[in-house]
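Position 149 of the sequence shown, counted from 1, bears residue number 149 in full-length UniProt numbering, the numbering being contiguous throughout.
Beta carbons: idealized from backbone N, C-alpha and C, even for Gly.
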Amino acid sequence: MPSPLLDIQKLSVNYGGIQALQAIDLVIQAGEVVTLIGANGAGKTTTLRAISRLIGVRDGHIFYNGKNITRQRAHAVVKLGIAHSPEGRRILARQTVLDNLQLGAYTRSDRLGIKADIEQQFLTFPRLSERRHQLAGTLSGGEQQMLAIARALMSRPKLLLLDEPSLGLAPTIVRELFTSIQTLHTAGVTILLVEQNANLALQYANRGYVLEAGYITLTGNAAELLSDDRVKQAYLG
Ligand code: ATP
Numbered sequence: 001m002p003s004p005l006l007d008i009q010k011l012s013v014n015y016g017g018i019q020a021l022q023a024i025d026l027v028i029q030a031g032e033v034v035t036l037i038g039a040n041g042a043g044k045t046t047t048l049r050a051i052s053r054l055i056g057v058r059d060g061h062i063f064y065n066g067k068n069i070t071r072q073r074a075h076a077v078v079k080l081g082i083a084h085s086p087e088g089r090r091i092l093a094r095q096t097v098l099d100n101l102q103l104g105a106y107t108r109s110d111r112l113g114i115k116a117d118i119e120q121q122f123l124t125f126p127r128l129s130e131r132r133h134q135l136a137g138t139l140s141g142g143e144q145q146m147l148a149i150a151r152a153l154m155s156r157p158k159l160l161l162l163d164e165p166s167l168g169l170a171p172t173i174v175r176e177l178f179t180s181i182q183t184l185h186t187a188g189v190t191i192l193l194v195e196q197n198a199n200l201a202l203q204y205a206n207r208g209y210v211l212e213a214g215y216i217t218l219t220g221n222a223a224e225l226l227s228d229d230r231v232k233q234a235y236l237g
């Protein structure tokens, strides 16, 4: 087994008195799509925020490519190749699609490479291409989600953290979005996908982890989890 791209060991995170993550272990190999499923408040977003160093860690370690990043700054982990597309999209509504993409490349200075990568995002997300000069705030929900992901990709990540990409989107748009996510996977991007829609996530993922009240309670390959009675009962409706 090669050494993992991401190796989380006994990670604990608190918000004041609230224990959001309780000594979780999670491993991602390069090239995998791994999904984290769980109910509201289970700690999924907290896990992504800890990896991208947006919140402090109480205990445990996060190794990325063999390097201990547990105490690194957020911009440093972007430079190392970790990008985060947050829940709720967080795009800049008063800037154009192009401006938002430029912003995603803030850690880079290779102008030609940035230009080429913007065109690459337009190939992956054709809807954004047609709307490149449009203000981001006037895009539909699905288009804003695509922009959030495309912006995250502008840092040329090896590991993409996706928080609830399907939230609030119509089923046809969700399918389109997941086709694009599949394209990214095929192109070699490793993905950690947080989804409320466990059924959908497990169709696209190689493996999954179930998070309950801050604990990892189950892990396995996607097919195993899809047929697991506990997963069916709690998450597949
Ligand atoms: P959701 O699907 O609702 O986003 P989640 O699984 O992503 O849920 P988290 O957002 O990681 O869950 O929250 C985990 C726990 O930490 C919850 O009990 C939540 O109320 C708490 N929490 C999250 N952010 C904060 C914060 N900034 N301050 C205090 N408590 C927080």
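- Within the region 123 to 162, the complete alpha helix (DSSP H) segments at least 4 residues long are 126 to 130 and 141 to 153, listed from N- to C-terminus.
- Assigned with DSSP and collapsed to three states, Tyr-106 falls in coil, not helix or strand.
- Per DSSP, the unbroken alpha helix (DSSP H) holding Ile-181 starts and ends at 171 to 186.
- Counting only residues of its own chain and dropping the five nearest sequence neighbours on each side, Asp-59 has a CB closer than 8 Å to the CB of Lys-10, Leu-11, Ser-12 and Ala-23.
- Measuring C-alpha to C-alpha distances from Ala-20 to each of Thr-45, Leu-26 and Gly-31 identifies Thr-45 as the nearest.
- The alpha-carbon of Leu-98 is positioned some 8 Å away from that of Ile-118.
- With a threshold of 16 other beta carbon atoms within 10 Å, Asp-163 meets it and is buried.
- Ile-18 has its Cβ nearer than 7 Å to a heavy atom of ligand 1.
- In the structure shown, the three-state DSSP call for Val-189 is coil.
- The region 119 to 126 and the region 67 to 82 do not touch, with fewer than 3 CB-CB distances between them shorter than 8 Å.
- Ligand 1 never approaches Thr-124 closely enough for any of its heavy atoms to be under 7 Å from the residue's Cβ.
- Residue pairing of Gly-208 in beta bridges, as defined by DSSP: Thr-35 and Gly-220.
- In this structure, the beta-carbon distance from Leu-160 to Ser-85 falls below 8 Å.
- The beta carbon of Ser-227 is closer than 6 Å to none in its chain, skipping five residues each way along the sequence.
- Nearest Cα to Glu-176 within the set Tyr-209, Gly-142 and Asn-14: Gly-142.
- An exposed status is given to Glu-130, since fewer than 16 other beta-carbon atoms sit within 10 Å of its beta-carbon.
- Just measuring C-alpha positions, the residue of Asn-221, Thr-219, Gly-31 and Gly-214 sitting nearest Ala-39 is Gly-214.
- Taking 8 Å as the cut-off, the beta carbon of Gln-29 is found closer than this to the beta carbon of Leu-5.
- It is roughly 34 Å from the alpha-carbon of Lys-158 to the alpha-carbon of Gly-17.
- By the neighbour-count criterion, in which a residue is buried when 16 or more other Cβ atoms sit within 10 angstroms of its Cβ, Pro-165 is buried.
- In the three-state DSSP reduction, Thr-45 falls in the helix class (H, G or I).
- Straight-line spacing of the CA atoms in Gln-144 and Ile-191 works out to 19 Å.
- The Cβ atoms of Gly-137 and Ala-93 sit closer than 8 Å to each other.
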